[in-house]
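Numbered continuously in the working numbering, the sequence shown closes out at residue 503.
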Amino acid sequence: MNRIIFSLVVMLSFTAGFAQKNNKVSGIVFADTNQNAVLDKDEVVLSNVLVSNGKDIVETNSKGKYSITKIEGNTVFVIKPTGYISKKNKQNSVQFYVSFDAIKDVKNYNFPLIPNAENKDVKVVLLGDTQVDVMDDIHHVGKLVTEELMDQKIDFIVPLGDLSFDNLTIFKPLSETLGLIGAPIFYTIGNHDLNFKETAFEDRDKSFESIFGPSYYAFEYGNQFFLVLNNIYPVNEKGYVGRLDETQKQFITNLITVKKGAFNSIHLFMHIPLEEMEDQDWIIKSLAPFEEVLISAGHTHTQYHKYFEREAGRKPIHELVAGAVCGSWWQGPHDQNQIPFALMYDGTPKGYWTVGINQDRYTYDYKVSGAPNTKQMDITVPNTNEWDTTLNALNDNYIYANVFAADDATKVYVNFDNGSWSEMVKYEGISPNIQKQYYLQSQGRYASMKISNSPKPETISTHLWRIAKPDNLPSGAHSVQIKALGKEINLEAHGNAVLWVK
């Protein structure tokens, strides 16, 4: 009896040891100078490069070797070091990972990295919710984003989630369209990009991962450090909350432990804004080792800056909620190119952001798609029409300025007929342009068009200013000049309008 038990224990120990040994993947990270994805004799191995399974993080040794445990359902990925980049596919998505299915039966996998010239100044394009559902939307993205950015010098692009509108089969056409820009693309997952019907939690990002790779990861570029998060936590077949899962938290903790002394700043990309997350306090506390923190998010179909205070003497965490490429879900009447006007809920026209990072100085430039770079605000004045009088009912006695890229500290000024400047008042209200569009819709103006109707305007804009029309203006035409100055965000914007007085 004892002999049988002893034999069984030995057999189980051997089996467990074999399984444990087979549960690891090892390999070499090397500089693939000839870009053939093969470690050739004359190519250099890379030490001190981080490799992760989405939870644990290991560092390559002096021979470029790593060994890490496989986690079922998780990719294994290299954390891109400064000066190198993984091969890009035809869609310019960076292939810095290997799927679990590709390594579950193998023990060895090498990561080739290509030398990549990187400046200290980094230029990043942020794409808020593209929210594509049908090929019409893909065409819109091509016109509004790809065609405009093809000739631009960009270090990399970050779509900020809600790439699709629950149609996960459209990931590939979207990636092909954005890939034509030519810059490397690092994708973020959103709530409309999840496999909600999957029963296993680790399969929530199954479709996303099959096209874009892991739904959370990190990389270096220039002298900067970037972290991409998956903050969509499914709670049922359609519901979700803003929260990080425990495995991802362990990854973040391990990552910051390794990197906190190497970088003064960190830049986070995620879909749901920090203020809507259940575990925002945990995130803020985890980011304590970094003096400069910038978070970029999407999700709200509005755009704004928000600051999270930290202990005295430290810079607050700066969050940029970067609006939506689709505006408000591709809704509303179409323009001459058959693209929906689809103003965002705060009245901002569709577009994208370019963030410039130069050591400790940041620039935030919002670009309205299809408009010149100088288009930085919408100005509304009370003009009375004689022929199409429908909108006369919305006139009031104010001049409004919706400054798309402004923060709460931005100062906005106006002058009339090149006179002295007067400060406008920050106004908590609904965008006049949103109200106009909805009013025309309610009056049946677009009834014959094949469009998706705009929702009733209810969102308060965070970047709207107004001032009463002066009582002393004589009859006739008057120039209106407006300037917006945002010290913290390096904003200087100008706009002009014509005001008629009877």
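All C-beta atoms in this analysis are idealised placements derived from N, C-alpha and C, irrespective of residue type, glycine included.
The structure presented is a predicted model; accordingly, all values stated were derived computationally and were not measured.
Nearest Cα to D137 within the set P116, E119, A118, S165: S165.
Cβ-Cβ separation between S48 and T61: approximately 5 Å, consistent with a contact (criterion under 8 Å). DSSP places Q92 in the coil class of the three-state scheme, outside both helix and strand. Relative to Y428, the option among S443, F405, I435, Y401 whose CA is nearest is Y401.
Scanning the stretch 199-285 for uninterrupted alpha helix (DSSP H) segments of 4 residues or longer gives 207-213, 247-260, listed from N- to C-terminal end. With respect to the 9 Å criterion, I115 and K91 are not classified as neighbours on the basis of their beta carbons. Counted as a single uninterrupted DSSP element, the beta strand (DSSP E) harbouring P116 occupies residues 112-116. DSSP, read as helix, strand or coil, puts T178 in helix. Along the stretch 427-499, the alpha helix (DSSP H) occurs as fully enclosed runs of 4 or more residues at 433-443, listed in sequence order. Listed in chain order, the non-local C-beta contacts of Y447 below 6 Å within the same chain comprise P334, local neighbours out to five positions each way being set aside. Annotated as distal: G324 and P341, with beta-carbon spacing of 9 Å or more. A Cβ-Cβ separation of about 6 Å places V95 in contact with I86 under the 8 Å criterion. When DSSP reads this structure, P290 sits in no beta bridge, so it has no partner. Sequence-distant Cβ neighbours of V382 in its own chain, meaning closer than 7 Å and more than five residues away, are I400, V481, A498, L500. Going by C-alpha positions, K108 is about 28 Å away from G84.
Distance between K66 and A219, taken at the CA atoms: about 20 Å. V356 is positioned such that its CB atom lies no closer than 9 Å to that of I318. Distance from the CA of Q36 to the CA of K207, rounded to the nearest whole angstrom, comes to 29 Å. Excluding residues up to 5 positions away in sequence, N338, I340 lie with their Cβ nearer than 7 Å to the Cβ of K144 in the same chain. Linking P456 to Y439 through their CA atoms gives a straight-line distance of about 8 Å. The residue from D409, A478, G74 with its alpha-carbon nearest to that of I490 is D409.
Note on geometry: alpha-carbon atoms of E387 and G496 lie some 26 Å from one another.
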